[in-house]
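Quick notes on the structure that follows.
In this note's numbering, the protein residues as written are 1137 to 1314.
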């Protein structure tokens, strides 16, 4: 996984730089998400893996599948990726692009896993506190996992805040056993 990230990062940075220069972050984001979905389809994955199809034909086929969702810059990126046998990096390039976009726009997607359903008021309070802590505009998704026993686990990017009873019991067990 780390290797894919390392290989994809320069392409994502180049795409993001082009998106900023063009003032087209959203169209680039849409194009990359579309291309990611297309390349993950089984038939397209087989096309990408087929050594008898040349790189330009692979790029053209994927561009045609994407239709209007594939902007010119993304089509050029496809050609470069195909020529370097890197089309399989598109999912990771899209993910890296979205991280760069999130950083640029000062936004964050937060997943809150709770032992119980959170009320709207609790979600708003949590959103306000996380907005202040992270200094970002927050989008919250809530998931219920009764196995937590109580409390919540908050995840955004690399940050994980485990305030669950299950997490605290695990830490206590580790302390006792070490």
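Here a beta-carbon is modelled for each residue, glycine too, at the ideal position from N, C-alpha and C.
Where residue i and residue j are concerned, what is the direct C-alpha to C-alpha distance, given to the nearest angstrom?
| i | j | result |
| --- | --- | --- |
| residue 1160 | residue 1275 | 22 Å |
| residue 1216 | residue 1272 | 34 Å |
| residue 1141 | residue 1310 | 32 Å |
| residue 1313 | residue 1270 | 35 Å |
| residue 1152 | residue 1197 | 24 Å |
| residue 1291 | residue 1234 | 16 Å |
| residue 1212 | residue 1218 | 10 Å |
| residue 1189 | residue 1297 | 48 Å |
| residue 1264 | residue 1293 | 18 Å |
| residue 1186 | residue 1146 | 25 Å |
| residue 1162 | residue 1305 | 43 Å |
| residue 1178 | residue 1199 | 16 Å |
Looking at the strands, I want to know which residues DSSP matches up with residue i.
| i | result |
| --- | --- |
| residue 1142 | None, per the DSSP bridge assignment. |
| residue 1279 | 1249 |
| residue 1244 | 1274 |
| residue 1297 | 1290 |
Comparing C-alpha positions only, which one of the options sits nearest to residue i?
| i | options | result |
| --- | --- | --- |
| residue 1285 | 1303, 1297, 1278 | 1303 |
| residue 1277 | 1264, 1248, 1293, 1266 | 1248 |
| residue 1301 | 1283, 1244, 1263 | 1283 |
| residue 1193 | 1177, 1221, 1169 | 1221 |
| residue 1244 | 1255, 1295, 1191, 1203 | 1295 |
Are residue i and residue j close, meaning C-beta to C-beta below 7 Å?
| i | j | result |
| --- | --- | --- |
| residue 1288 | residue 1253 | no |
| residue 1225 | residue 1171 | no |
| residue 1315 | residue 1209 | Because the chain spans 1137 through 1314 in this model, residue 1315 falls outside it and cannot be assessed. |
| residue 1184 | residue 1223 | yes |
| residue 1214 | residue 1246 | no |
| residue 1118 | residue 1206 | No answer is possible for residue 1118: the residues shown for the chain start at 1137 and end at 1314. |
Tell me whether the segment 1221 to 1230 and the segment 1254 to 1262 touch, counting them as touching only if at least three CB pairs, one residue from each stretch, are closer than 8 Å.
The segment 1221 to 1230 makes no contact with the segment 1254 to 1262; the number of CB pairs closer than 8 Å stays below 3.
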